[in-house]
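Read through the structure below, which is laid out as structure tokens, and then see the notes.
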Amino acid sequence: MQLYSYFRSSAAYRVRIALNLKGLPYETVPVHLVKGGGQQLAPAYRQVNPNALVPTLVDGDLTLGQSLAIIEYLDETHPQPALLPADAAGRARVRAIALTLACDIHPLNNLRVLKYLKHDLKVDEEAKNGWYRHWIDVGLGGLEQMLAGSPQTGRFCHGDTPTLADLCLVPQIFNARRFDCDLSAFPTLVRIDAACQALKAFQDAAPERQPDAE
Ligand SMILES: N[C@@H](CCC(=O)N[C@@H](CS)C(=O)NCC(=O)O)C(=O)O
1 MQLYSYFRSS AAYRVRIALN LKGLPYETVP VHLVKGGGQQ LAPAYRQVNP NALVPTLVDG
61 DLTLGQSLAI IEYLDETHPQ PALLPADAAG RARVRAIALT LACDIHPLNN LRVLKYLKHD
121 LKVDEEAKNG WYRHWIDVGL GGLEQMLAGS PQTGRFCHGD TPTLADLCLV PQIFNARRFD
181 CDLSAFPTLV RIDAACQALK AFQDAAPERQ PDAE
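Mapping of the sequence shown onto full-length UniProt numbering: position 17 corresponds to residue 17, and the numbering continues sequentially without gaps.
As structure tokens, then:
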């Protein structure tokens, strides 16, 4: 398999963790999101992923974008270890946590949104970073409440084995730290992140361990 990835991309980071947990070898195809205005925007990459976003997974004849779709594909084709619970209610809860991170928090702070704020709306650096921290704070605040108040939260977001939810949480916490967000109001999320970081699959997926890391 080939994974079009950028070391700091949190969506690619999710997929890297899934591949590592399942012990699946893959080749990284680096797509630099900043160099030359962003290689994701080049016609050659748009042929691979018309949305001009990473990650993209290539598995034989299949070329697939969208990290959550990729992870569910990997989970169905390589079921062990399972990244979704066996019961419908558990699966729904895990997906709800994952979607909170991937759909409600991450897109607001994506590179192209930040670029638009800066270059088109002429928002200064301080206000742009304020925007970033605001949406992290709102999103993680809700998630902290969801997880801290649930008996289904265990060592990880759902029980005591990593699921799709943890694959989305860890990259988001990485991003929050990178932008100096104050995480003191989210002790459950910080605790779960630490539990994940103890696992080799998560460590090996970290941005600084990628072949394209700078
Ligand atoms: N919903 C997509 C989001 C993908 C995405 O936003 N990727 C970011 C990196 S984390 C990207 O390629 N950004 C490039 C840009 O904003 O121009 C997924 O989960 O795969």
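Glycine included, C-beta positions come from ideal geometry on N, C-alpha and C.
Contact test: residue i Cβ vs ligand 1 heavy atom, cutoff 7 Å
{"i": "P55", "result": "yes"}
{"i": "Q66", "result": "yes"}
{"i": "S9", "result": "yes"}
{"i": "L33", "result": "yes"}
{"i": "Q80", "result": "no"}
{"i": "A96", "result": "no"}
Segment limits, beta strand (DSSP E) that includes residue i
{"i": "S5", "result": "Q2 to S5"}
{"i": "P30", "result": "E27 to P30"}
Beta carbon of residue i nearer than 8 Å to that of residue j
{"i": "I71", "j": "A18", "result": "yes"}
{"i": "E144", "j": "A185", "result": "yes"}
{"i": "D75", "j": "L84", "result": "yes"}
{"i": "C181", "j": "D124", "result": "no"}
{"i": "V48", "j": "S9", "result": "no"}
{"i": "L111", "j": "W135", "result": "no"}
{"i": "Q40", "j": "A52", "result": "yes"}
Residue i: first and last residue of the uninterrupted alpha helix (DSSP H) it sits in
{"i": "G142", "result": "E125 to A148"}
{"i": "A12", "result": "S10 to L21"}
{"i": "L111", "result": "L111 to K115"}
Proximity test, residue i beta-carbon vs ligand 3 heavy atom, cut-off 7 Å
{"i": "R112", "result": "Within the structure as shown, ligand 3 is missing, the only ligands being ligand 1."}
Contained alpha helix (DSSP H) runs [length at least 4] in the stretch 45-92, N- to C-terminal order: 67-77
Of all the alpha helix (DSSP H) runs that stay within the bounds of the stretch 165-205, which reach a length of 4 or more residues? 187-197 and 200-205
Any chance the stretch 203-210 sits against the stretch 3-17, with 3 or more Cβ pairs inside 8 Å? yes
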